[in-house]
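Per full-length UniProt numbering, residue 1 is the first one in the sequence shown, and the count goes up by one each step.
Okay, structure first, notes after.
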Amino acid sequence: MDEVDRSRAFLKDVKRIVLKVGTAVVTRNDGRIALGRLGALCEQLKELNSQGYEVILVSSGAVGLGRQRLRYRKLVNSSFADLQKPQMELDGKACAAVGQNCLMALYDTLFSQLDISSAQLLVTDSDFRDRDFRKQLSDTVKSLLSLKVIPIFNENDAVSTRRAPYEDSSGIFWDNDSLAALLALELKADLLVLLSDVDGLYSGPPSDPRSKLIHTYIKEKHQSEITFGDKSRVGRGGMTAKVKAAVNAAYAGIPVVITSGYAPGNLSKVLEGQRVGTLFHQDAHLWSPVKEVDARGMAVAARESSRRLQAMTSEERKRVLLDVADALEANVRLINVENEADVSAAQVAGYEKSLISRLALKPGKIKSLANSIRVLANMEDPIGRVLKRTQLAEGLVLEKTSSPLGVLLIVFESRPEALVQIASLAIRSGNGLLLKGGKEAKRSNAILHKIITGAIPDSVGGKLIGLVTSREEIPDLLKHDDVIDLVIPRGSNKLVSQVKNLTKIPVLGHADYPAACNAMETLLVHKDLKDTTEFNDLVVDLCAEGVTLYGGPRASSLLNIPQAHSFHHEYSSMACTVEFVDDVHAAIDHIHEHGSAHTDCVIAEDLEVVDAFLGQVDSAAVFHNASPRFCDGARFGLGAEVGISTSRIHARGPVGVEGLLTTRWILRGNGQVVDGDKGVIYTHKDLPIEP
């Protein structure tokens, strides 16, 4: 029996149905009642009622109707002078009270014309905490259904203890989608149908022509693949809420179908077994087994795609990057929706402000990222560049050329923008890529990955860039040293150290700080400046900006500030350590003993001091009279950066395209053989590199 046959099989036992109608179905775009749509729905319910089905209706729309009615009455009763004043938003609970009366009057009129009786049942979240209420509710509904009456449920927003309609998503149920799922369980329904303003659940926003309708939802397959768009234009829900309610009900044993409330006769089509909408069923995973692609499989696929990318012309690879930049700008609104959801979840979870700052994509960020990608695209093609030409012997020419590393694994925390930078660099350098992002940026990473891979032509394949969303933990990923060529951990020093200790794969270390990895951690001050006005002003300014100061042994007592636990401590927040030193050589020794070898800066006028500092400090980047924040791939003109390396092997400092390349040797001859070097006269002559 195939998926279609199995999805129809359970319908033969369906008798009791819970049907939820959303505000977007009940009302038109202008907020008025969609009378034709509602009338057609009532006719369907009358037919089902006459066929012996027991139908329980959950209807939204009261608040919207009430708001529209009260706005009209307010307008009619207002003078011209009243209309010039700022208009206060109407009380949501008052709108609910007025709208519920309108809604039920309409249902009563429509059902009466069809010789059907209906009943109103208003409930609140707190009602379901009472066991006696739940039993009485079941008995009342059972009695109504036996009399062929259609019960119509809605949340009693007018007296609900929620702060206001649409503002509170806590409790036993939090909107009418979750109320419908709850009632389906409480009242032992055989089927739950959620009517929407679209045909069902799509793989992406329904407006995106690349999105496909999912006929059967398989949690193991679709949970990490689907990208949700905006919430409903009205009401509390949207597809996110419907899917959450559907999954909860389905895995509790109630089959669920999400389908369009706009198409006439859809409810009847569902019961006839037609494939309209999206089916949720607890056994769906058995109907269409899911083949999981593990990280190893993703790495192999990424390598195969990278070889196809390398086979393209330079202009074709450039076009891929330009298409990625255009796709990001075209989807800014969608990206922001997903990112805002991540930020809200992080705030609710109580994450630190520094993490939330790194997580948030600030206004204009996507445009800035797209522009950086265009800069990268217009740079000289880094692949296959001849770096050195040598004549080994007559007719034997050796070339040293640039070449992609292979497959990169990037483990990063918080920053969704890092995904864009890393992906664009991987494309430019011809590398395959695996990305393992932090769970706090799950939705942002998913939408960015989907947009970027969607812009990659089929001739290369979106598997060039894999987003690891499985339950594989970092230690498991790091075992694949035979298919992954370089690991770049972007995060805390702790993360970098853990990665280095867990893998044989070469690691390019990178560490993050408060909201930027080039922010200051330690301020070393010459001892002669401790009593100066300039230093005092600096301390005052730091404190005014919310920076917590800790001191070394000397500074803590002189400045009366808490002593730092360790000079090696990584704050990852708005805090820094202050210490006094005797001279520049003491400062250099301090940096070598306690520093991260990332970026160090000297503020000085004495050129001897400056030369000593720049010449002797052994860090990836060393600055004079310039902010360490300049240590950035984009600011260095690299187009973007995959990270900032504190390693001394391969790449160091901001790592752009060059840091993701290795070299190959190309030897061109005309039949020469070694044969003990007989007859070969080596010249080892440097040849000019041809443009």
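For each residue, glycine too, the CB sits at the ideal point set by N, CA and C.
From the DSSP secondary-structure annotation, give me the bridge partner or partners of residue i.
i	result
Gln-563	Gly-551
Asp-51	Residue 51 is actually Gln in this sequence, not Asp. Bridge partners of Gln-51: none, in fact.
Gln-120	Ile-152
Ser-260	Ser-196
Trp-665	Lys-400
Pro-628	Pro-628 is not bridged to any residue.
Gln-391	Val-397, Lys-685
Ser-59	Val-21
Val-578	Leu-523, Gly-551
Tyr-217	Phe-280
Phe-623	Cys-601
Pro-489	Val-411
Quick one: using the 10 Å Cβ neighbour count with 16 as the cut-off for buried, is residue i buried or exposed?
i	result
Val-198	buried
His-585	exposed
Asn-154	buried
Ala-96	buried
Val-290	Low confidence applies here, because Val-290 scores a pLDDT of 46, under 50, leaving its location unreliable and the question unanswered by this model.
Tyr-251	exposed
Gly-671	exposed
Trp-174	buried
Leu-687	exposed
Thr-27	buried
Pro-255	buried
Phe-133	exposed
Ile-152	buried
Asp-531	exposed
Ile-689	exposed
Tyr-283	The sequence shown places Asp at residue 283, rather than the Tyr named in the question. Exposed: under 16 other Cβ atoms inside 10 Å.
Asn-536	exposed
Glu-167	Low confidence applies to Glu-167: its pLDDT is 43, below 50, so where it sits in the model is not reliable, and the reading given next is rough at best. Exposed is the call here.
Arg-37	buried
Gly-656	buried
Asp-13	exposed
Ile-452	buried
Kindly examine the ligand ADP and report whether one of its heavy atoms sits closer than 7 Å to the Cβ of residue i.
i	result
Gln-44	Of ligands this structure carries none, so the ligand ADP is not represented either.
Considering only C-alpha positions, which residue in the set the options is nearest to residue i?
i	options	result
Lys-504	Gly-669, Leu-409, Leu-478	Leu-478
Gln-100	Leu-495, Ala-377, Gln-120	Gln-120
Pro-457	Glu-440, Ser-566, Arg-317, Lys-400	Arg-317
Leu-70	Ser-60, Glu-54, Leu-90, Ile-56	Leu-90
Ala-181	Ala-245, Met-379, Met-312, Val-499	Ala-245
Leu-48	Leu-322, Thr-533, Glu-272, Gly-432	Glu-272
Asp-157	Glu-186, Leu-110, Ala-62, Arg-134	Ala-62
Leu-408	Gly-350, Met-298, Leu-448	Met-298
Met-312	Ile-427, Asp-537, Met-379, Arg-358	Ile-427
Ala-94	Ile-422, Val-159, Leu-114	Val-159
Ile-561	Glu-579, Asp-30, Met-104	Glu-579
Glu-413	Ile-258, Arg-358, Asn-625	Arg-358
Lys-221	Gly-238, Arg-554, Ser-203	Ser-203
Ile-591	Met-520, Gln-274, Leu-529, Ala-325	Met-520
residue 692	Val-610, Leu-524, Gly-432, Asn-536	This structure cannot settle anything about residue 692, because the visible part of the chain is limited to 1 through 691.
Cys-102	Ser-143, Arg-131, Ser-59	Ser-59
Leu-660	Ile-422, Gly-552, Asp-130	Ile-422
Ile-17	Tyr-682, Ile-451, Gln-44, Asp-600	Gln-44
Gly-679	Glu-394, Tyr-550, Asn-501	Glu-394
Lys-362	Glu-380, Gly-350, Val-337	Val-337
Kindly give me the distance between the Cβ atoms of residue i and residue j, rounded to whole angstroms, as I take these residues to be in contact under 8 Å.
i	j	result
Val-149	Ser-112	Not really, about 12 Å apart at Cβ, beyond 8 Å.
Ala-301	Gly-466	7 Å
Pro-264	Ala-455	38 Å between Cβ atoms; not a contact.
Asp-177	Leu-194	6 Å
Ser-305	Lys-463	5 Å
Ser-429	Arg-664	Actually they are not in contact, since the Cβ atoms of Ser-429 and Arg-664 sit about 14 Å apart, beyond 8 Å.
Ala-564	Thr-548	Actually they are not in contact, since the Cβ atoms of Ala-564 and Thr-548 sit about 11 Å apart, beyond 8 Å.
Val-411	Ile-474	6 Å
Gly-31	Gly-64	6 Å
Lys-242	Ile-258	5 Å
Establish whether the CB of residue i and some CB of chain D are separated by less than 8 Å.
i	result
Gly-61	Going by chain labels, chain D is absent from the structure shown, which holds only one protein chain.
**Message:** Does the region 536 to 550 come into contact with the region 476 to 489, if we say contact requires no fewer than three beta-carbon pairs (one atom in each stretch) closer than 8 Å?
**Reply:** Judged by Cβ distances under 8 Å, the region 536 to 550 makes no contact with the region 476 to 489, as fewer than three pairs qualify.
**the region 268 to 281 in contact with the region 194 to 208 per 3-pair CB rule at 8 Å** = Yes: the two stretches touch, three or more of their Cβ pairs being nearer than 8 Å.
**Contact the region 369 to 380 vs the region 672 to 688: 3+ CB pairs below 8 Å** = Three or more beta-carbon pairs separated by less than 8 Å are not found between the region 369 to 380 and the region 672 to 688, which leaves the two stretches without contact.
**Message:** Does the contact criterion of 3 or more C-beta pairs under 8 Å hold for the region 360 to 368 versus the region 327 to 342?
**Reply:** Yes, the region 360 to 368 is in contact with the region 327 to 342.
**Request:** Take every Cβ of the region 436 to 449, pair it with every Cβ of the region 412 to 421, and state whether three or more of those distances are shorter than 8 Å.
**Result:** Yes, the region 436 to 449 touches the region 412 to 421.
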